[in-house]
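Residue numbers (my numbering), protein chains in the order written: chain S, 1 to 260; chain W, 261 to 520. Note that beta-carbon positions come from the ideal geometry of N, C-alpha and C, so glycine has one too.
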DNA sequence: CCTCCTAAAAGATCATGATGATTATGAATT
DNA sequence: AATTCATAATCATCATGATCTTTTAGGAGG
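See below:
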């Protein structure tokens, strides 16, 4: 069993802010400063209320946080930008509970995560599980401009090979995949997939040849992969596209990513 | 082609803050207030520097944002909590560029997304693409306590059927899936998957029988699904677990989630 | 050379007061 | 009944000054 930052019982609406005072010495991460501490209290109060409930005026809430006006305003800005509260002026105004959208909630949770030694392997595994969706969306939604973009990237990658510029080649490799992912209208998929690519790109400093393959052959195979993909997209050939995507997955197939 | 909040050219490190003044009338979303406006400038300055470069003192940077001390401090707290900058005291201290971790970057991006009419279908599709990974991790990493937890949930779901409490049954359904997902040590997968479940749960108000199936049969099938899953986990039967997971996917199979 | 102390740099937080903008409500007017 | 206006509530931002904490660097002394 692996524990998250706060153990395995992380509630979906919890975030990195805890209601501990920042001066408290603790083995687990807590708020780095008074404003974060207060923001956590605000978030807790909002979470305990119904969406759009009035929580009180600034001064009333500030008393509950025991911080100064300036620090409270800092905290409020943080809580507001995390989607926990909204503010209104005028009579009946003040601070109101809000319910973060699922996206914002997911974002808040990612803000609380720390990379660890398995992040790259985890990202690769997820990327491999999602690439079929990306390709399917590319098939349905790509324009001729998208295909052209991919083809231009291929030209760039070929030039990189000719110039013995491995770095430019690798960049082209990831950029090509990004072009595909950006076609998807599924904003969750797009966002996650592009982030996974980004994690992988940061850790890919060389091209891994397949067993029994020379480096030149690996380069050529990669180019061929994207050529075939562009062709499949241009002709809306779903089976070819999926086949190409799966045949050219790098790294381990969906399987255990870490020792038991 | 679908556009994100800022069009289809959203750079990975861009977030919802734009450098437009909040007083500017615009058809696209911009910062809601001066502090966000300033936070966007700070983020841009940090992004243009190398990680750990000193960007300047508070006052020096504040001049570039043209805001008051208090507003600048609000902005700084937001930029800091988004991972764009860090602050140090003492001689040589000040504001330093930081590079957000991939998690934080992903979180920032999700903060900028808005739910749309396809969110549920998108979530379902991604869930279906990822459930095999979840099950595989559950096979590898679940403890007997995890299996017991799942079995206790099954008992609860059975009681809900007996009491004709559809809501409790559905809650148990999602809770069971959550138990599975929480086993995974892959924090990205876990976080995304649980969020997807949350989106789906909010929109599931009834159990959909399969074609030719009565509602009672649908309930029974769902229970059987989790019984089989618990058994497969307890006996580490990978093939059975995968088969059970795939056989009981609800909703459309991975396929176009929206009209072309 | 090492240790300790001091001064200065810079941030963290606090306190107070002010102006301007937004908004809801009630009263007056048409 | 509908519209307009005035008032008050509340936030958004600004300005200024103060104390405390943290950190670095240089100098003095052993």
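Taking the C-beta atoms as reference points, residue 391/W is found nearer than 7 Å to residue 505/W.
Under the Cβ distance rule, residue 433/W does not count among the residues neighbouring chain S, no pair being separated by less than 7 Å.
Here residue 374/W is exposed. Its C-beta has fewer than 16 other C-beta atoms within 10 Å. Annotation: the continuous beta strand (DSSP E) that includes residue 56/S extends over 54-56. Residue burial annotation: residue 442/W is buried, with at least 16 other C-beta atoms found within 10 angstroms of its C-beta.
In this structure residue 216/S is exposed. Its beta-carbon is surrounded by fewer than 16 other beta-carbon atoms within 10 angstroms. In the displayed model, residue 214/S falls within coil according to three-state DSSP, outside both helix and strand. If only complete runs of 3 or more residues are kept, the region 82-120 of chain S shows the beta strand (DSSP E) at 85-88 and 94-97, in order along the chain. Residue 148/S sits in a helix when the DSSP states are folded into three classes. Judged by DSSP secondary structure, residue 142/S falls outside any alpha helix (DSSP H); it is assigned neither H nor E. Each residue's CA atom was taken as its position, placing residue 364/W and residue 110/S some 6 Å apart. For residue 70/S, the neighbours in chain W by C-beta distance under 7 Å run, in chain order, 330 and 333.
Residue contact check for residue 122/S against chain W: a CB pair falls below 7 Å. At least one beta carbon of chain S lies nearer than 7 Å to the beta carbon of residue 446/W.
With a minimum length of 4 residues, the unbroken runs of alpha helix (DSSP H) contained wholly in the region 165-193 of chain S fall at 166-183. Contacts with chain S (Cβ-Cβ distance below 8 Å) from the region 384-397 of chain W involve 385, 386, 389, 390, 392, 393 and 396, listed in chain order. For the set 367/W, 339/W and 366/W, the Cα lying nearest the Cα of residue 355/W is the one of 339/W. No Cβ of chain S is located within less than 7 Å of the beta carbon of residue 318/W. In terms of Cβ geometry, residue 133/S and residue 238/S do not form a close pair [threshold 7 Å]. Under the DSSP assignment, residue 294/W falls in the alpha helix (DSSP H) whose first and last residues are 294-307. For residue 499/W, the enclosing alpha helix (DSSP H) has its first and last residue at 498-507.
Residues 199 of the same chain have their beta carbon placed closer than 8 Å to that of residue 119/S, with the five preceding and five following residues left out of the count.
In the structure shown, the three-state DSSP call for residue 327/W is coil.
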